[in-house]
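Asks: Sharing a structure, written as structure tokens. Questions coming.
Protein chains: 4
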Amino acid sequence: MDVVEFRPAPEQYAWTFGGVPPVARVTPGSLLKVWTEDAFAGRIRSTGDLPTRSLQMPDVNPQTGPFHVEGAEPGDTLALHFVSIEPARDWAASTTIPFFGGLTGTDRTATLQEPLPERTWIYHLDRAKGTVAFEASNGLVIELPIDPMHGTVGVAPPAREVRSSLVPDTFGGNMDTPEMRAGVTCYLGVNVPGALFSIGDGHYRQGEGEACGTAVEGAMNTTLLVELIKGRGPAWPRIESDDEIMVVGSARPLEDAWRASQVEMVGWLAELLGIDRLDAYQLLTQVARCPLANVCDTNYSAVTKVAKALLPPVRAFDGMHSYLREQAKGTM
Amino acid sequence: MDVVEFRPAPEQYAWTFGGVPPVARVTPGSLLKVWTEDAFAGRIRSTGDLPTRSLQMPDVNPQTGPFHVEGAEPGDTLALHFVSIEPARDWAASTTIPFFGGLTGTDRTATLQEPLPERTWIYHLDRAKGTVAFEASNGLVIELPIDPMHGTVGVAPPAREVRSSLVPDTFGGNMDTPEMRAGVTCYLGVNVPGALFSIGDGHYRQGEGEACGTAVEGAMNTTLLVELIKGRGPAWPRIESDDEIMVVGSARPLEDAWRASQVEMVGWLAELLGIDRLDAYQLLTQVARCPLANVCDTNYSAVTKVAKALLPPVRAFDGMHSYLREQAKGTM
Amino acid sequence: MDVVEFRPAPEQYAWTFGGVPPVARVTPGSLLKVWTEDAFAGRIRSTGDLPTRSLQMPDVNPQTGPFHVEGAEPGDTLALHFVSIEPARDWAASTTIPFFGGLTGTDRTATLQEPLPERTWIYHLDRAKGTVAFEASNGLVIELPIDPMHGTVGVAPPAREVRSSLVPDTFGGNMDTPEMRAGVTCYLGVNVPGALFSIGDGHYRQGEGEACGTAVEGAMNTTLLVELIKGRGPAWPRIESDDEIMVVGSARPLEDAWRASQVEMVGWLAELLGIDRLDAYQLLTQVARCPLANVCDTNYSAVTKVAKALLPPVRAFDGMHSYLREQAKGTM
Amino acid sequence: MDVVEFRPAPEQYAWTFGGVPPVARVTPGSLLKVWTEDAFAGRIRSTGDLPTRSLQMPDVNPQTGPFHVEGAEPGDTLALHFVSIEPARDWAASTTIPFFGGLTGTDRTATLQEPLPERTWIYHLDRAKGTVAFEASNGLVIELPIDPMHGTVGVAPPAREVRSSLVPDTFGGNMDTPEMRAGVTCYLGVNVPGALFSIGDGHYRQGEGEACGTAVEGAMNTTLLVELIKGRGPAWPRIESDDEIMVVGSARPLEDAWRASQVEMVGWLAELLGIDRLDAYQLLTQVARCPLANVCDTNYSAVTKVAKALLPPVRAFDGMHSYLREQAKGTM
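First to last, the protein sequences are chains Y, C, E and P.
Okay, so the first sequence: first residue is 68 according to our numbering, each after it adds one.
Okay, so the second sequence: first residue is 68 according to our numbering, each after it adds one.
Okay, so the third sequence: first residue is 68 according to our numbering, each after it adds one.
Okay, so the fourth sequence: first residue is 68 according to our numbering, each after it adds one.
Now the structure itself:
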């Protein structure tokens, strides 16, 4: 098994999906060990660091990558299996940012009201307990279990586009779903030769919806297996865990993000079970779990999940997830 | 403990929230044992019964109620604790209905396309196994565990309005969330003297989003405890289980349903924890669970949940849920 | 021609569409002369009258009516021709209302920001010039031509519902379109025996969208002709002027209001021109005018208009508008 | 006055805003005479040419440009004055495209219904009459006055992005508003050195909303004056005609497109009139005209307009439009 290690210097960060040359080439089957900087590009380090002073817009969500996958062609399916996602620092940060977030007017949901105040929270990590500590202004401390994940996982977009690393869409990107944790396989449709995927935006934990716009943002050490499936590129990002199959749709308004994820899942269920789409629609209606991912980004993201335990045995992508799960065991 | 039993005759069904006289008066602290007809008013009984032929619109979602709660005044909080929700028949039904549902054009999301075909599925209940059986057109059968719930739980609306039992809004109503299962307490703000609450639309199980517009629709035998909290009426329906506190927002577009549930939860967390709203916003961002309820009704509904295990000990509504949980034990 | 005059006493105001008995019965062909109170129920009379102090929610948008139209049955079409709409006072008022309006967070588009300040503007009417005067805080005065219209024109809703007079929907209601001016005919589908229509919410002028939520709100003296067309009830309110045919759709999100108005217009054009719906869709694409009505109410409203000059001669509803135009001449 | 003429060969078309090198450099004050291919890249030429067979996706909306404007820096304002926009052919085309358009499910507003049929309409231009002829399937012909405009006018986007020429956003792009006709000045905020603007997507006429997704699409001969204003770059595209000032907002849902255009106009009015934003909000509420632009593209676009006749004399951008209007006279 090829092992590729990569820790970007700041000048090597990618700030977009597409539009930048690969930092490395990897062959399908490789193990990739990377470090990712936090969404703030490491500029928010204390409660005195406020976004409007400390951030250098639009330099947020720095990506580690892109990686060129040998042999990947448009229409193919990139499979990324997250072997481990581990906090690379003993602290993480979150902030409110003026006119950004889900419970404030923004540049699009434009209102005439004053912005919410800026505030920064620093979360200290207790590795032994596996917790990060939320501290309120009045001193109340609440320890929360970590649940590390990546907010951004994406390939280069189609149609010659280059998108900011703040954007989630068909190419993945800034989906901000807590489902993107260690142990899952993410399937992305390939749009350009080499796929050119990157990851970043590690969250030590995140609630569904990511209301204020920033999770518990922290640097990560992440290990992933890279595989390629010829053809079969899905229209929207799919995720498979040991227990569930999932689709992530991203759009506005939020119902369209959900619709996209549902229609894709209807097709997937119909294929896996050999039933017609109307039957798959009916079945999905009774078995779907639909947790929100983000309601704060340029597109909102919604997840449709189905528990494997509710279905007859199915082998998504010919059992790729199980195969990668096995491969991963050998790496640890 | 007063015990009130009520099984409506068909001519006693209510088809609206508000606008009809109570079928009974109950005192706070009473135990209520009711039967509810299914959402189709019992008119869909075989796969040959198709909605456009069998339903008598707008006579769907028949309500059992309304019940007048003695002493309830506008501004108060009605607490309904679901002791048990049990299938009253050995079968249930689901259908696709032309131009109704989440993955089709509708009268509002109006398109020029042909409607999806009508189809009816009958689910047979296996009480021993606790399953209902989905059967596809090609004969594939999938047994799904039941998870009984009520799609509609609501009080009379404010501002002199009368709303169809298909509508979810601040008064509750047709929220269609799987969280409304036995063991939870639902808190509703009272808008009119007596509250005038009703329930209906039993689902033997339902996926989140209720994509096709109809769940596994079945008649129910339901037992609930009725309590009244003076004042403190919440802006949006709240639900408490042993493990979680929840708010249900209902609006269009879907992000507004989510926003409403989130802002209500921010205020609730701030109150329960004694922190300011900006801190509550931050905390919620990291701990929220946001499963969708419905994306098919006249308003869409989204749930915001917080696990009690993540919080310091809190006593919502002065411990009403625990109290009712105890009371319920005595009834079984 | 029967002439019915009606000026409600305050205790006769209707605050809903549906749910109240008629104030009078009128026969088709009648001339109706009414007075309508302003949207604030006359409670905002000086710049010192601020909404949170002066208004008695939900008592806004008082309706004059409802009127029972003899012979009107569900499925019929009510035709209301506005002969004249004239300011009944020499002043009118507008305000900002906390958490209400198009450019602020609201109870649905819920945010955590502070509300915009409350402010009241009084517009003085110059009858000779036909203007109302906007006066800014810094003393700048801008005289604006009046263009009197009714924000609310509606019938009782279907499905046993009673809706606040703040709501626009299929039954008309609070559409808040400047197109509802003297000289037009409004066609509404009848939902209940007698139609039970009412009007109110006079605006001395209003911009499209009604951004801040309140127009130049004033009492009106209005004369209208009432006619009945058996059957043919449209799904959405239609308006006909000498120059244009229009449909008003009301929904959220705003694209659904537009879609509803467009699909209804596609059907209308197909019928009037004898072409298929795909051709009508194409034609509408090239000829539609789509001014917004309101983006602040419980549903947003969008208008689709087609200029008659662009079409071959058409006779909507068998020439009802021309007929009423002629009838109106005899009344003045 | 420098005069630059440019007619792209097919291999010179740009398919994006940003991401391609300029085809020419122009100095502020230059007159630019260009030819633009139609949105279909000239591939739809008869009613037998159907989109799925004839188009080469994503090669639609070919742009003429981009042009590098000497001295333009981020934060500046590009002023493009359309001197003339004239049909370059004697015919134009429109189509329905599967799962594209305003009155059909799409990849985002995803439904399970069958697509609408594909159909192509060819419009013949009568230059003497100034009309194009719509022809229905049943032979009905309706002559419609031409009203030539450009669907796309845009600069390179900010934040390193490259966007498809199908996208409207803050950088302009595929706004598809009929207001972009000869005689207007379009103001765009500059995001990259040289601005890198392009135009394309000529419409011989278009209704507001562009319901089916394609207008009367035709090649154009267009003359425009290019000017540069240092600084003052607007957040959203602005348009000025002799009679009106306008802002175009683009977003989803449609209310956000409208909100963006309104908030930008509130700020513009406050600046032009020297009043506070709350007064500007009030004034705009009473004077705005809000015609839709498109409800079919990747973002929807809405226009907010104010008639100059309703305002005291104002000089937007220090009278740039009047100046360019005068300059234009000298060129004809």
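Quick reminder that beta carbons are idealized off the backbone N, C-alpha and C, glycines included.
Give, in chain order, every residue of the region 204-221 of chain Y whose Cβ lies closer than 7 Å to some Cβ of chain C.
Replies: For the region 204-221 of chain Y, which is checked against every Cβ of chain C, the residues closer than 7 Å are 204, 205, 207, 209 and 211.
Asks: Would you be able to state if there are at least three C-beta pairs under 8 Å between the region 147-155 of chain C and the region 238-250 of chain C?
Replies: Taking 8 Å as the limit for Cβ pairs, the verdict is that the region 147-155 of chain C does touch the region 238-250 of chain C.
Asks: For the region 315-327 of chain E, which residues have a CB atom closer than 7 Å to at least one CB atom of chain Y, in sequence order?
Replies: If the cut-off is 7 Å between Cβ atoms, the region 315-327 of chain E has 320 near chain Y.
Asks: Just grab the DSSP bridge partners of residue 152/C for me.
Replies: What you label residue 152/C is simply residue 85 of the second sequence in a count that begins at 1. The partner list for residue 152/C (beta bridge, DSSP) reads 289/C.
Asks: By Cβ distance, which residues of its chain are closer than 6 Å to residue 262/C, with the 5 residues on each side in sequence left out?
Replies: Indexing the second sequence from 1 puts residue 262/C at position 195. Taken in chain order, the residues that qualify are 136, 139, 145 and 222.
Asks: Count the CB pairs spanning the region 314-325 of chain Y and the region 352-371 of chain Y that are closer than 8 Å, and state whether there are at least three.
Replies: Counting Cβ pairs under 8 Å, three or more are found: they touch.
Asks: Determine whether the beta carbon atoms of residue 47/E and residue 296/E lie at a separation below 9 Å.
Replies: Outside the shown range of chain E, which is 68 to 399, sits residue 47/E, and nothing can be said about it.
Asks: Between residue 238/Y and residue 307/Y, is the Cβ-Cβ spacing less than 9 Å?
Replies: For the purposes of this step, residue 238/Y is identified with residue 171 of the first sequence, where counting begins at 1. For the purposes of this step, residue 307/Y is identified with residue 240 of the first sequence, where counting begins at 1. Not closer than 9 Å, so no.
Asks: Would you say residue 227/E lies against chain C (beta-carbon separation less than 9 Å)?
Replies: Taking the third sequence and counting its residues from 1, one reaches residue 227/E at position 160. So yes, residue 227/E belongs to the interface.
Asks: Alpha carbon to alpha carbon, how far is residue 184/C from residue 344/Y? Give it in angstroms, no decimals.
Replies: Taking the first residue of the first sequence as 1, we reach residue 344/Y at position 277. Taking the first residue of the second sequence as 1, we reach residue 184/C at position 117. Roughly 11 Å between the two C-alpha positions.
Asks: Could you please give me the residues that DSSP links to residue 178/C through a beta bridge?
Replies: Here residue 178/C corresponds to residue number 111 of the second sequence, with the count starting at 1. In DSSP, residue 178/C forms no bridge with anything.
Asks: Would you check if there are 3 or more beta carbon pairs closer than 8 Å linking the region 156-168 of chain C to the region 224-236 of chain C?
Replies: No, the region 156-168 of chain C does not touch the region 224-236 of chain C.
Asks: Taking the alpha-carbon positions, what's the residue 274/P to residue 281/C distance?
Replies: Numbered from its first residue, the fourth sequence carries residue 274/P at position 207. Numbered from its first residue, the second sequence carries residue 281/C at position 214. Using only the alpha carbons, I get a separation of about 38 Å.
Asks: In whole angstroms, what is the alpha-carbon distance linking residue 211/P and residue 332/P?
Replies: If you number the fourth sequence from 1, residue 211/P lands on position 144. If you number the fourth sequence from 1, residue 332/P lands on position 265. Computed Cα separation, rounded: 32 Å.
Asks: If I measure Cβ to Cβ from residue 359/Y and keep anything under 6 Å in the same chain, skipping five residues before and after, which residues do I get?
Replies: As a first step, residue 359/Y must be located in the first sequence, where it is residue number 292. Answer for residue 359/Y: 275, 276 and 369, listed in chain order.
Asks: Rounded to a whole number of angstroms, what is the C-alpha to C-alpha distance between residue 20/P and residue 339/P?
Replies: With chain P running from 68 to 399 in the structure shown, residue 20/P is simply not present.
Asks: Answer yes or no: does any C-beta atom of chain P fall closer than 9 Å to that of residue 139/E?
Replies: Here residue 139/E refers to the residue found at position 72 of the third sequence. So, not an interface residue.
Asks: Taking a Cβ distance cut-off of 9 Å, strictly less, list which residues of the region 149-179 of chain Y are near chain P, in chain order.
Replies: Residues 172, 173, 174, 175, 176, 177, 178 and 179.
Asks: Helix, strand or coil, according to DSSP, for residue 110/P in the structure here?
Replies: Taking the fourth sequence and counting its residues from 1, the one referred to as residue 110/P is at position 43. In the structure shown, residue 110/P sits in coil (DSSP, three-state: anything other than H, G, I, E or B).
Asks: Rounded to the nearest angstrom, how far is the Cβ of residue 209/P from that of residue 113/P, given a contact under 8 Å?
Replies: What you label residue 209/P is simply residue 142 of the fourth sequence in a count that begins at 1. What you label residue 113/P is simply residue 46 of the fourth sequence in a count that begins at 1. Going by Cβ atoms, the distance from residue 209/P to residue 113/P rounds to 20 Å, so no, they are not a contact pair.
Asks: Does any CB atom of chain P fall closer than 9 Å to the CB of residue 302/Y?
Replies: By one-based count along the first sequence, residue 302/Y stands at place 235. Chain P, which has a Cβ nearer than 9 Å to the Cβ of residue 302/Y, makes this yes.
Asks: Take residue 257/Y as the anchor and find which of 68/Y, 363/Y, 134/Y and 82/Y has the nearest alpha-carbon.
Replies: For this step, residue 257/Y is matched to residue 190 along the first sequence. When only C-alpha atoms are compared, the closest one is 134/Y.
Asks: Using only alpha-carbon positions, find the residue among 118/E, 379/E, 105/E and 148/E that is nearest to residue 156/E.
Replies: Here the question's residue 156/E lines up with position 89 in the third sequence. Selected option, being the one with the closest Cα: 105/E.
Asks: Which residues of chain E have a Cβ atom closer than 8 Å to the Cβ of residue 181/Y, listed in chain order?
Replies: The sequence position of residue 181/Y within the first sequence is 114, counting from 1. Ordered by position in chain E, the residues that pass the 8 Å Cβ test against residue 181/Y are 180 and 181.
Asks: What is the C-beta distance between residue 278/E and residue 355/P, in whole angstroms, given that I count them as a contact (C-beta under 8 Å)?
Replies: Here residue 278/E refers to the residue found at position 211 when the third sequence is read from its first residue. Here residue 355/P refers to the residue found at position 288 when the fourth sequence is read from its first residue. Correct: roughly 7 Å between the Cβ atoms.
Asks: Out of curiosity, what's the CA-to-CA distance linking residue 304/P and residue 350/P?
Replies: Here residue 304/P is taken as the residue at index 237 of the fourth sequence, counted from 1. Here residue 350/P is taken as the residue at index 283 of the fourth sequence, counted from 1. Residue 304/P and residue 350/P: Cα-Cα distance of roughly 21 Å.
Asks: Please say whether residue 289/C and residue 100/C have beta carbons closer to each other than 9 Å?
Replies: Here residue 100/C is taken as the residue at index 33 of the second sequence, counted from 1. Here residue 289/C is taken as the residue at index 222 of the second sequence, counted from 1. Contact flag set, yes.
Asks: Under 8 Å by Cβ, that's how I've got residue 148/P and residue 395/P pegged, so tell me the actual separation to the nearest angstrom.
Replies: Here residue 148/P refers to the residue found at position 81 of the fourth sequence. Here residue 395/P refers to the residue found at position 328 of the fourth sequence. Right, the Cβ-Cβ distance comes to about 6 Å (below 8 Å), so this counts as a contact.
Asks: With a threshold of 9 Å between beta carbons, is residue 130/Y in contact with chain P?
Replies: For the purposes of this step, residue 130/Y is identified with residue 63 of the first sequence, where counting begins at 1. So no, residue 130/Y is outside the interface.
Asks: Give the DSSP-derived three-state secondary structure of residue 337/Y in the structure shown.
Replies: Here the question's residue 337/Y lines up with position 270 in the first sequence. Residue 337/Y: helix per DSSP, three-state reduction.
Asks: Taking 9 Å as the cut-off, decide whether the C-beta atoms of residue 199/Y and residue 254/Y are in contact.
Replies: Along the first sequence, read from residue 1 onward, the residue named residue 199/Y stands at position 132. Along the first sequence, read from residue 1 onward, the residue named residue 254/Y stands at position 187. In this structure, residue 254/Y does not lie closer than 9 Å to residue 199/Y by Cβ.
Asks: How many Å lie between residue 180/Y and residue 85/C at the Cα?
Replies: Residue 180/Y sits at position 113 when you count from the first residue of the first sequence. Residue 85/C sits at position 18 when you count from the first residue of the second sequence. Straight-line Cα distance between these residues: approximately 36 Å.
Asks: Which residue's Cα is closest to the Cα of residue 381/C: 311/C, 393/C and 115/C?
Replies: Residue numbering aside, residue 381/C sits at position 314 when the second sequence is read from its first letter. The option with the nearest alpha carbon to residue 381/C is 311/C.
Asks: Can you tell me where the beta strand (DSSP E) holding residue 268/Y begins and where it ends?
Replies: Position 201 of the first sequence, counting from 1, holds the residue named residue 268/Y. 264-270 is the extent of the beta strand (DSSP E) around residue 268/Y.
Asks: Using only alpha-carbon positions, find the residue among 95/E, 364/E and 378/E that is nearest to residue 335/E.
Replies: What you label residue 335/E is simply residue 268 of the third sequence in a count that begins at 1. Among 95/E, 364/E and 378/E, the Cα nearest to that of residue 335/E is on 378/E.
Asks: Compare the C-beta of residue 310/C with all C-beta atoms of chain Y and state if any pair is closer than 9 Å.
Replies: Residue numbering aside, residue 310/C sits at position 243 when the second sequence is read from its first letter. False, the Cβ-Cβ gap to chain Y never drops below 9 Å.
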